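Take the sequence shown: its letters are residues 308 to 726, numbered as in our numbering.
Every residue gets a Cβ at the ideal spot worked out from N, C-alpha and C, and that includes glycine.
Keep in mind that this is a model prediction, so the values were computed, not measured.
Each remark here refers to the structure printed beneath this line.
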Amino acid sequence: MTKPIWIIHGNQLATLASNHKGPRTGKVMSELGIIEDGSLWIEEGIIQAIGTTQELAKNFGGRIEEAEIVDASNHLVTPGLIDPHTHVVYAGSREKEFEMRLEGATYMEIMNAGGGIHATTRMTREATEVEIMEQTSRRLDSFLQHGVTTVEGKSGYGMNLETELKQLRVMKKLKKQHPIDLIPTFMGAHAVPSEFKGKEDEYVDILIQEWIPIVAKEKLAVFNDVFCEKGVFTPEQSERILEAGKKYGLIPKIHADEIISYGGAELAARVGAISAEHLLKATDEGIGKMAEAGVIACLLPATALYLRELAAKGRKMIDAGVPVAISTDCNPGSSPTTSMPLVMNLACITMRLTPAEALTAATYNAACAIKQEHLVGSLEVGKQADIVLWNVKDYRELQYLFGVNHVKAVWKKGIQVVD
Ligand code: NIG
Ligand code: FE
308 MTKPIWIIHG
318 NQLATLASNH
328 KGPRTGKVMS
338 ELGIIEDGSL
348 WIEEGIIQAI
358 GTTQELAKNF
368 GGRIEEAEIV
378 DASNHLVTPG
388 LIDPHTHVVY
398 AGSREKEFEM
408 RLEGATYMEI
418 MNAGGGIHAT
428 TRMTREATEV
438 EIMEQTSRRL
448 DSFLQHGVTT
458 VEGKSGYGMN
468 LETELKQLRV
478 MKKLKKQHPI
488 DLIPTFMGAH
498 AVPSEFKGKE
508 DEYVDILIQE
518 WIPIVAKEKL
528 AVFNDVFCEK
538 GVFTPEQSER
548 ILEAGKKYGL
558 IPKIHADEII
568 SYGGAELAAR
578 VGAISAEHLL
588 KATDEGIGKM
598 AEAGVIACLL
608 PATALYLREL
618 AAKGRKMIDA
628 GVPVAISTDC
638 NPGSSPTTSM
648 PLVMNLACIT
658 MRLTPAEALT
668 AATYNAACAI
678 KQEHLVGSLE
688 VGKQADIVLW
698 NVKDYRELQY
708 LFGVNHVKAV
718 WKKGIQVVD
């Protein structure tokens, strides 16, 4: 039996609790459910009670000797951050391409010349499972240090069955071994592998007829994602891949309208995707369709900055009724970062989200984008005790004092993993 934990006197306990059900948009994104002088009682990894310190003292004061007391005076307390879009499982690194891009090459030029996603695919194919696990585990450690307690991860650096399965199995193993919860997505449609150049439809057929059924049968993924972009997969090919996944119970996600307007947002609405990602070039019509269909916009402002592109229209999307989540997109090419705090900062600065909206986008809405909101994303009785104690007093300071990691302590399922 682990000792109960009693967090007391939190200057602000941002619970993210709300009466609104499902992903939040519009004004609801500003509801942080803040309790001043807040308190949490945690037992067996689960939140048992939440309220003011005075309220909890009435019920738990008699058990003070038995609990570990955490004095959160002068600190903000929030749910663990959630990263709903990463390509965290890979081998190698691409710092040379970073330099090439600064010298003038574009992301797509590098990829079409056999670099980019193809370069990481080569390195991931060659690496052993143990090597990939070690490299990924270090990145997950860094996520934890930045207050992130749940991470979605995609395959897609295999693009042959063997390596796609290798990536998904690494995720399954790491989910058991690492404190972070990893939620797996199959993304065989990350690019067309060089072996299939000029035979794109053949690759799509293999994905649909062979790989998706195997991934689903082995229960290796929850979601199915595709890079719908000119020169990668067309909207028609993307739709076929996502519809095929649906037949096997894989929920659609889609990398949409990142580099050009390509009908990706509209496609996300049409296939009933849980989320559409990137959306830098989403049209007003596409945004409207996403709002109607309730598709979550998963926005990646660090990627936009790293590619030196204008950020997605986050402000406009929230005002149009689209629920917004944010994510690092952690990957070796367009966003090699594990810092969700930085992503929240950028969401405010480059997309004009307010500090409250940025926190909702990185917690509750992020949980919804990977269907984990019944477990995490807010501090409520019965939910997992995934908690961050910050070195700031007020939630606005998290975004205002930008570019700094303000994490003081992190608990995952009631166990302290950062102190
Ligand atoms: O989400 N857009 C496609 N995939 C990743 C980049 C992957 C890479 O460059 O290795 C993304 O940005
Ligand atoms: Fe991505």
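DSSP places Gly593 in the uninterrupted alpha helix (DSSP H) bounded by 591–600. When secondary structure is reduced to three states using DSSP, Phe450 falls in the helix class.
Judged by DSSP in its simplified three-state form, Met415 adopts helix. Put simply, the stretch 661–670 does not touch the stretch 468–480. Fewer than three CB pairs are less than 8 Å apart. Excluding sequence positions up to five before and after Lys310, its CB lies within less than 8 Å of the CB of Glu373, Ala374, Glu375, all in the same chain and listed in chain order.
Residue state for Leu472 is assigned as helix, using DSSP reduced to three classes. Excluding sequence positions up to five before and after Cys535, its CB lies within less than 7 Å of the CB of Pro542, Ser545, Ile561, His562, Ala563, Tyr569, Gly571, Leu574, all in the same chain and listed in chain order.
By the Cβ test, the stretch 331–347 is not in contact with the stretch 397–407, since fewer than three Cβ pairs between them sit closer than 8 Å. About 5 Å separates the beta carbons of Val522 and Phe493, which is inside the 8 Å limit, making them a contact pair. For Ala420 and Ser501, the gap between their C-alpha atoms comes out near 10 Å. Gly460 sits close to Val396, with the two beta carbons spaced by under 7 Å. In this structure, DSSP gives Leu347 an extended state, which the three-state scheme calls strand. With 16 or more other CB atoms across the displayed protein chains lying within 10 angstroms of its CB, Glu680 is buried. In the DSSP annotation of this structure, the continuous segment of the alpha helix (DSSP H) that includes His425 starts and ends at 424–433. Secondary structure note for Thr309: it is in no alpha helix (DSSP H), with a DSSP letter that is neither H nor E.
In the DSSP secondary-structure assignment, Pro386 is bridged to Ile694. Put simply, the stretch 347–367 does not touch the stretch 650–663. Fewer than three CB pairs are less than 8 Å apart. Per the DSSP secondary-structure output, Gly317 pairs in a beta bridge with Gly345. Cβ contact annotation for Ala528 (same chain, cutoff 7 Å, sequence separation greater than five): Leu475, Pro491, Thr492, Phe493, Val522, Leu557, in chain order. Taken in chain order, the complete alpha helix (DSSP H) segments of 4 or more residues contained in the stretch 662–691 are 662–669, 671–676. In chain order, Leu347, Trp348, Leu686, Glu687, Val688, Gly689, Lys690, Gln691, Ala692 place their CB closer than 8 Å to the CB of Ile354, counting only its own chain and leaving out the 5 sequence neighbours on each side. Under DSSP, Cys637 forms no beta bridge with any residue.
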